[in-house]
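Under the numbering used here, the first residue of the sequence shown is numbered 282, with each subsequent residue one higher. Cβ atoms here follow ideal geometry from the backbone N, Cα and C, with glycine treated the same way. Source: prediction; values computed, not measured. Before any comments, here is the structure.
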Amino acid sequence: MSEHQHQHQHHHHGHGHVPAADFDWDALAAHLEREAELRAPAVTAAAQWLRDLPSGGEVRRVLDVGSGPGVIAGLLADVFPDAEVVAVDQSAALLERARTRSGGRLNVQQAHLPEEFGKLGEADLIWSANAIHHLGDQQTALTALAGRLRPGGLLAVAERGLPLRYLPRDFGLGRPGFQARLDAAHEDGFSTMRAELPGATAEVEDWTAMLGRAGLTPSGTRAFLVDHPAPLARPAREHLHAQLARLSDQLADHLDPEDATTLAALLDAHAPTGILHRPDAFYLSAMTVHTARALPA
Numbered sequence: 282m283s284e285h286q287h288q289h290q291h292h293h294h295g296h297g298h299v300p301a302a303d304f305d306w307d308a309l310a311a312h313l314e315r316e317a318e319l320r321a322p323a324v325t326a327a328a329q330w331l332r333d334l335p336s337g338g339e340v341r342r343v344l345d346v347g348s349g350p351g352v353i354a355g356l357l358a359d360v361f362p363d364a365e366v367v368a369v370d371q372s373a374a375l376l377e378r379a380r381t382r383s384g385g386r387l388n389v390q391q392a393h394l395p396e397e398f399g400k401l402g403e404a405d406l407i408w409s410a411n412a413i414h415h416l417g418d419q420q421t422a423l424t425a426l427a428g429r430l431r432p433g434g435l436l437a438v439a440e441r442g443l444p445l446r447y448l449p450r451d452f453g454l455g456r457p458g459f460q461a462r463l464d465a466a467h468e469d470g471f472s473t474m475r476a477e478l479p480g481a482t483a484e485v486e487d488w489t490a491m492l493g494r495a496g497l498t499p500s501g502t503r504a505f506l507v508d509h510p511a512p513l514a515r516p517a518r519e520h521l522h523a524q525l526a527r528l529s530d531q532l533a534d535h536l537d538p539e540d541a542t543t544l545a546a547l548l549d550a551h552a553p554t555g556i557l558h559r560p561d562a563f564y565l566s567a568m569t570v571h572t573a574r575a576l577p578a
């Protein structure tokens, strides 16, 4: 499911069609780990919210579907210390990273979705972040995950939220509103990615309604803020630089010359106007988590 079109597009939202053999898995894993570490406070808050929802019973087994290198699965294990936590992904390389970084605390399960939902076994809590949208038929995917829940079990799907912001609207380079224009170009690419997925099915993305159609009882939606104010620490700046470099590759043919020049300036590793050095750079987004519960026994 991951980037579901690169073998891990869900993780870093690179919506291209790149053979898995061409990936530098170590570099990808490092990028995914940095991203998850930046989001860790929000994920922990979300997991604590899930723990405190009216419960269908004891949480004995947790699945992180689309786990990548296992950072979020580790956070889930912290919040649910008595549960077996399983990192699920289609990349053996990323799962090995998850196993190693957890010191064996996590179990791992390789599964190619949507074909292998049946391999996942049952769980009391299933977490899936930014993965369902990389499967062609999102409703069928939710229904399959719902079928993996034990009676009273909880499905938590983190999808969309608010796009990342990292600079003021007018930051002194090019035309104001640069990030909004990048968002628009990215949304067009996202729609193209969705349309090209195997079994692509148009769906109004009302996640609460979709969870209801999956046979579950919606149990609440909340957004969690990811907020790292300026001045940013070096790891966050390096992550933003990597994100912008990926956008430069993906959107090169969709930006006007002025925005392309602005993006190049932000990527300049030595200039004071580059994202690695700017005092006004920050990291702000929101993660929205939709939940629903299976009927009790």
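- A straight line joining the alpha-carbon of Thr542 with that of Arg456 spans about 11 Å.
- Taking Phe459 as the centre and dropping the five residues before and after it, the same chain places the C-beta of Asp540 and Thr543 closer than 7 Å to its C-beta, in chain order.
- Counting along the chain, Phe505 sits inside the beta strand (DSSP E) bounded by residues Thr498 to His509.
- Inclusion of Ala495 and Thr572 in the CB contact set at 9 Å is not warranted, their separation being larger than that value.
- Look at Gln391 here: in three-state DSSP terms it is strand.
- The continuous stretches of beta strand (DSSP E) do not include Thr473, which lies in the alpha helix (DSSP H) extending over residues Phe459 to Glu477.
- Counting every other CB atom within 10 Å of its CB across the protein chains shown gives Leu394 a total of 16 or more, marking it as buried.
- Contact annotation, Gln419 with Gln391: C-beta distance approximately 22 Å; criterion of less than 8 Å not satisfied.
- Rounded to the nearest angstrom, the Cβ distance from Leu448 to Ala562 is 6 Å, consistent with a contact under 8 Å.
- Taking C-beta atoms under 8 Å as the contact rule, Arg320 and Met491 fail to qualify, at a distance of about 23 Å.
- Ala310 and Thr489 have their C-alpha atoms some 31 Å from each other.
- Residue pairing of Tyr447 in beta bridges, as defined by DSSP: absent, with no partner found.
- Fully contained in the region 328–413 are the following alpha helix (DSSP H) runs of length 4 or more, in chain order: 352–360 and 373–382.
- Straight-line spacing of the CA atoms in Gly434 and Asp549 works out to 49 Å.
- Taking C-beta atoms as the reference points, Ala437 and Val570 count as a pair closer than 9 Å.
- Across the structure, Gln329 and Val360 are spaced so that their CA atoms are roughly 6 Å apart.
- For the pair Val367 and Asp537, the Cα-to-Cα distance works out to about 45 Å.
- A straight line joining the alpha-carbon of Ala465 with that of Leu497 spans about 33 Å.
- Spatial neighbours of Ala379 in its own chain (CB-CB distance under 7 Å, excluding positions within 5 residues in sequence) are listed in chain order as Ser348, Pro350, Gly351, Ala354, Ala368, Leu387 and Val389.
- In the same chain as Ala422, and ignoring 5 residues on each side of it, the C-beta atoms closer than 6 Å to its own belong to Pro395, Ile413 and Leu416, in chain order.
- Within a 10 Å sphere around the beta-carbon of Ser409 sit 16 or more other beta-carbons, which makes this residue buried.
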